[in-house]
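Here the sequence shown is numbered in the working numbering, starting from 3 and rising by one per residue.
Each residue gets a CB set at the ideal place from its N, CA and C atoms; glycine is no exception.
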Amino acid sequence: MIAIENLSPHEETESKISIYLHGGAREVWIVNPKLKMLVVYTAEARIEMTGEYRSAAIGQTIARTYIFG
């Protein structure tokens, strides 16, 4: 399972990341459409997606251009 959160102003993303990961999400994707940035959190790491990302949770490689155009 993954959780995908679209970043909005004034959100407490750090607490949400912890809730999602403790709730069973293997990955939490935080999307910032304004900055065209995607950060993936796992229990072990924080990964800023700059090109492609191989998601263990969904078994696919995701290109940054696929998300932001």
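Item, Value
"Of the residues Ala27, Ile21, Glu16, Glu13, the one placed nearest Ser57, counting alpha carbons only", "Ala27"
"Distance between Ala65 and Ile19 (C-alpha atoms, nearest Å)", "22 Å"
"Arg28: first and last residue of the uninterrupted alpha helix (DSSP H) it sits in", "Counting along the chain, Arg28 falls outside any alpha helix (DSSP H), and DSSP gives it neither H nor E."
"Close Cβ partners of Leu9 (< 7 Å) along its chain, the five nearest in sequence each way excluded", "Thr15, Ile32, Val33, Asn34"
"Whole-angstrom distance between Ile60 and Thr52, CA atom to CA atom", "19 Å"
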